[in-house]
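Remarks on the structure that follows.
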Amino acid sequence: MSALLTAGLWAALAASPVSAFWRTPCKSPIVVERADPIISPGQVSNHLHTIMGGNGFDFTMDYNSTQASTCSSCTVIGDNSNYWTPYLFFQHQNGSFESVNQVGGVTVYYLQRGGDGEKITAFPPGFRMVAGNPFKRAGGTDFASQAISYNCLDYNGPAKPETPNFPNYNCPNGLRAQVFFPSCWNGKDLDSPSHTSHVSYPANSYNSGKCPPDYPIHLVSIFFEVIWDTGKFANQWYGNSQPFIWSQGDPTGYGGHGDFVMGWEESHLQDAIDQCTNDSGRVEDCPVFKLIPDAQAEGCRIQPEVNEPVSGVLSALPGCNPVQPGPSASPQSGCGAPTTISPSNATFFTDLTSKGWSYVGCGTDNYYNRILTGASQSNGQMTNEACAAFCDSKGFSIAGTEYSKECYCGNSIPTSGKPVPGVVGACTMTCSGDNSEFCGGGGTISLYQKCSSGSCTNAQVGPGSSAPVQVANPPAGSSAPASSPSSSGNPASSPTTLATVTTTKAAATSPSTPSTAVSVNTDSDYSATPPTSDSGDDDDDSTYTNSGTDSSAALATGGSVADAAPSSSLPPYPIPASNSTAPSTSSPPASDSDDDDDDSAYTTSGTGSSAATSAGGSGVDAAPSSSLPPYPVPVSNFSAPSTTTTRYLFTTTSSSTLSLATPTQDLDPSSST
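Here the sequence shown stands for residues -20 to -1, 1 to 653, where the numbers follow mature numbering (1 follows the signal peptide of the UniProt record, and there is no 0).
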């Protein structure tokens, strides 16, 4: 990920004697709607935003609102802040607008960019600010203009320079919008009428250096990166100008902006600033942080409260936002767009209690290892009620809908697929038979249980529920135990934080030691618990706790595909032969979200997939600069010893009897492929 640092940001890091920073991953939006409690408190906002962070977000909010969050789409426990930017659309030649898919959520950099002798300070409770101007339509040399930029991602071509506006050429791997916020504070005002005058950029640069005299408090710097999947529109460009447009009607990109509402416990953030002195940028390297699993962050959602369509193909941008190319632009009104905030009574599940079934929650599922293995069906008329009735007729007590049209039945939910209590989850695909209902998602399943006599209550999810925090495993070398609360000095376990994040804390578990007769290697980077980071790791299998380095040495145990530490030569921890449904292509995906391996030796490329076995059984890994056919990668892609049998990454054949493993299970070394 550090390879994606912008040129300007690298320059700032290199120029400063201190380069400590971390990246906070916010995995998905909690909501996309016309809300902006900074600019338009208590009102429907002028334009559409994608909003990340704590689920305490509301049209009117203060610091206490952030602390009422029961979950966050950001992975650092204790960060209940909210971060938002405008939403991106593609304007078709016929004048209609199509929403552009957002890749994940936002990556928020926290950088220690102080001048000589300056102390870096945490944001105070109640602090908020805005960077950028939505109605700007021309560039400038001032720091506020320099703080808005774009990076065209093209992993198969030469690097392109950052631009202050939308680039007028296709970005195959996405357009990354970037916002650098002011970091100097007047020390008095938590906000200001302009939402910018209480803060300033440093005296000599927008991203580092000493603060000016009127703004003597140097706050930790924050920097947003949001990636938009613009490459899918590559064949739909027309005319002489690029076709993308911000939700406020800005086709130039100069109106890019971002908003921030502080939601940290101040002492927790200050501890992080003081103690997170690593320059790796990895949030896992900060000793004061505990993290939630990505799936839990992705499942933090709230219902929109403005009744209007905001995605798909639209005849007009949400709100009153005609295209305003400049040279001037201003807020518009009177177009008949909704102006009413309507608290939603809708839920992310279907109430089937009158039918004798209750909602359990949004669980996780795996194509290769279904959590419900009884009867199943798939059709274009699927609803949750229909699925429950089908499972009931087959004698099962658990029903689950997935991927809009699929229904699965069983009598129990394994631990690997159980919903996180209180968390909405990413079951956001509408049912094929009723678009007012949600029927799971890709890899997520909406679970219902047949009620026992006298008890039929739906699980409580979303804001107001008690959502236990699942703590992800700490990185290797971390002193924080994964199965116990934080030390008394860590605000993550203080009564204040617990009151705002959860009422109970779930102990994290880690994969068990290998259960089959596999020799455990003794490399210093390896333990029975797979590694939690990409450092020294040649693939990033999110389904398996970000573990994995496939090695041909594993074949010594009888042919099982396995998972080893980089310098290992002993039979290591096994993983499945294939754990991705992503097809192999000559153009690797833009992010790990659709990628089942991250081979640093091949410049973080890769789409190893069972689909690749159509070419004789060998999986493949496409390097960024590769052309067809893709680059084959052997099971060992560094210095692990080879064997007399040629094996390939994620190899399967028609005679495969290799069973699928979960993080707490092993493959039988005697299995053959």
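Yeah, the Cβ is synthetic: ideal placement off N, Cα and C, and Gly gets one too.
Just so we're clear, the structure is a prediction, and the values are computed from it rather than from any experiment.
For Asn415, the uninterrupted beta strand (DSSP E) run begins and ends at Asp414 to Phe418, by DSSP. Annotation for Asp259: Leu(-8), Ser(-2), Ala(-1) and Phe1 place their beta carbon closer than 8 Å to its own, counting only its chain and skipping 5 residues before and after. Secondary structure of Glu278 (DSSP, three-state): helix.
Note: Lys430 is bridge-paired with Trp337 in the DSSP secondary-structure output.
In this model, Arg350 and Gly85 are separated by some 28 Å (Cα to Cα). Here Val293 is exposed, its C-beta having fewer than 16 other C-beta atoms within 10 Å. Between Gly154 and Gly211, the C-beta spacing is below 8 Å. Closest in alpha carbon position to Ser163, among Pro152, Gly229 and Ser185, is Ser185.
By a beta-carbon distance limit of 8 Å, Asp59 contacts Thr4. Their separation comes to about 6 Å. In terms of CA proximity to Met409, Asn364 leads the group Asn131, Asn364, Pro399 and Thr121.
Here DSSP, grouped into helix, strand and coil, assigns Leu91 to strand. With three or more CB-CB distances shorter than 8 Å, the segment 339 to 349 counts as touching the segment 394 to 413. Shortest Cα-Cα distance from Gly420 to any of Ser435, Gln440 and Gly397 involves Gly397.
DSSP places Ile207 inside the beta strand (DSSP E), whose first and last residues are Ser201 to Trp208. Excluding the 5 residues flanking it on each side, Cys151 has same chain C-beta neighbours closer than 7 Å at Cys132, Leu133, Asp134, Thr210 and Gly211, in chain order. With 16 or more other Cβ atoms from the protein chains shown falling within 10 Å of its own Cβ, Ser79 counts as buried. Across the set Val403, Asn415 and Lys430, the C-alpha of Lys430 shows the shortest separation from the C-alpha of Ser392.
A distance of 8 Å or more separates the beta carbons of Gly422 and Tyr388. Counting C-beta pairs closer than 8 Å gives fewer than three between the segment 69 to 79 and the segment 39 to 58, which falls short of the contact rule. Annotation: the segment 20 to 90 contains the following complete segments of the beta strand (DSSP E) (minimum length 3 residues), in chain order: 29 to 33, 62 to 66, 68 to 71 and 77 to 79. DSSP assignment within the segment 162 to 246 yields no whole alpha helix (DSSP H) run of 4 residues or more. Measuring C-alpha to C-alpha distances from Ile378 to each of Ser129, Thr30, Gly235 and Ala355 identifies Ala355 as the nearest. Here Ala406 carries a coil assignment [DSSP, helix/strand/coil].
Assigned with DSSP and collapsed to three states, Gly314 falls in coil, not helix or strand. If the five residues before and after Thr55 are omitted, its C-beta is found closer than 6 Å to the C-beta atoms of Pro5, Leu271, Ile272 and Ala277, all from its own chain and listed in chain order.
Nearest in C-alpha terms to His198, of all of Thr232, Ala275, Ser125 and Tyr90, is Tyr90. Secondary structure of Phe370 (DSSP, three-state): helix.
Around Asp16, the same chain offers Ser25, His29 and Asp239 as residues with beta carbons nearer than 7 Å, after the five sequence neighbours per side are excluded. In this structure, Gly413 sits near Gln361, with a CB-CB distance shorter than 8 Å. Pro144 is not a Cβ neighbour of Glu246, given a cutoff of 8 Å.
Residues of the same chain with a CB within less than 6 Å of the CB of Phe328, apart from the 5 flanking positions on each side, are Val404 and Phe418 in chain order. For Ser356, the enclosing beta strand (DSSP E) starts and ends at Ser356 to Ser358. By the criterion of a C-beta distance shorter than 8 Å, Trp217 is surrounded in its chain by Asn150 and Pro223, once the five residues flanking it on both sides are discounted. Within its own chain, the residues whose Cβ lies closer than 6 Å to the Cβ of Ser8, once the five positions on either side in sequence are excluded, are Ser53, Gly85 and Glu278, listed in chain order. Residue environment: Gly189 is assigned as buried (16 or more neighbouring CB atoms within 10 Å of its CB, all protein chains considered). Around the CB of Cys367, 16 or more other CB atoms lie within 10 Å, so the residue is classed as buried.
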